[in-house]
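The numbers in our numbering rise by one with no breaks, and the one at position 173 of the sequence shown is 572.
Have a look at the structure below, then the notes.
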Amino acid sequence: MSVHPVSAQEAMLRMAKPLGAPGGYSAIIDARTEDEFALDHLPGAVNWPSLDNAQRITIGTLYKQVNPFEAKKRGAALVAANIAKHIERHVMDLPRDWQPLVYCWRGGKRSGSLALILGQIGFKVSIIEGGYKAFRSQVIEAIPPLAQRLQWRVICGPTGAGKTRLLHCLREQGAQVLDLEGLANHRSSVLGIIPGQAQPSQKHFDTLLWNELRQFDPLKPVYIESESRKVGNLAVPESLILAMRASPCYQLELPEDERVQLLLEDYDFFVKDPDLF
């Protein structure tokens with residue numbers, strides 16, 4: 400058996416290397432339910448539920464209304480069957496040197512069962528001590544120093560001035576850009592909602608933000624659009640707001656008629672369907 404417990408901090412450091420790269424993980428496997436995975440997950444993770452949504456509710460009800468022993472027996476049968484399906488679907492063609500990182504909510508039975516079987520097959524498996532909960536704590540702790548160490552260049556200006564377009568052009572030219580509105584699926588203004596695109600959860604927004612921040616070169620500037628404390632329903636970390644306010648600001652201006660034309664182009668879905676207002 401080859402199962403190695405690692406701290407969330409250790410796992411996050413190793414995640415700096417791309418999946419499959421030398422020294423990195425071959426895969427990141429989330430053993431939680433589909434709903435938990437949808438709410439937030441580690442960047443690049445795939446979902447192999449040890450218990451699905453309905454099964455987790457069933458086992459939880461058994462645990463509370465009958466007794467823990469009966470719940471564990473039923474849970475073990477379900478987990479074993481689910482892991483067998485994952486192995487049949489995803490593992491049969493993998494090489495011996497495949498090295499996954501596995502986690503669940505708290506690093507307990509759901510990830511432990513999957514890691515145990517993968518380890519007994521012969522894979523070198525890492526499992527996060529404390530699970531997703533420990534990862535989440537590390538993300539919250541990591542964002543402030545990451546935000547403070549970077550050289551921000553803030554693009555300011557009224558709605559319709561083309562700030563987001565400028566950011567996209569800068570990125571195409573190879574500049575470092577943090578697109579908060581892109582991460583949040585929201586254009587931030589009163590017209591900010593994007594039809595057909597739901598915003599991520601606050602937890603997933605934080606994870607996406609951390610994943611962007613950790614990849615920037617602190618020796619080069621990072622361009623960002625001036626934002627308020629919230630982008631739609633999502634809160635921007637206070638540490639990032641403070642870093643932006645302490646950074647140089649470039650004011651972007653356009654004549655009013657050009658702003659109107661740009662708004663008509665960028666928000667054409669409102670023109671096509673006024674009921675979206």
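Don't be surprised by glycine CBs; every beta carbon is placed ideally from N, CA and C.
For the pair of segments examined, the region 454-468 was found not to touch the region 491-505: the number of CB pairs separated by less than 8 Å stays below three. Across the set Arg548, Leu545, Pro544 and Leu569, the C-alpha of Leu569 shows the shortest separation from the C-alpha of Ile554. Here Ala407 is near Ile527, since their CB atoms are less than 7 Å apart. Straight through space, the alpha carbons of Val524 and Leu517 are spaced by roughly 7 Å. No Cβ-Cβ contact shorter than 7 Å links Leu513 with Ala410. When rounded, the separation of the alpha-carbon atoms in Asp616 and Asp605 is 19 Å. Note on the region 424-478: whole beta strand (DSSP E) runs with a minimum of 3 residues are 426-429, in chain order.
Remark: C-beta atoms of Gln498 and Ser425 approach each other more closely than 7 Å. Pairwise C-beta distances place the region 555-564 out of contact with the region 529-542, as fewer than three of them are shorter than 8 Å. Taking C-beta atoms as the reference points, Gly443 and Leu418 count as a pair closer than 7 Å. Of the candidates Cys648, Gly423 and Leu477, Leu477 places its Cα closest to the Cα of Asp451.
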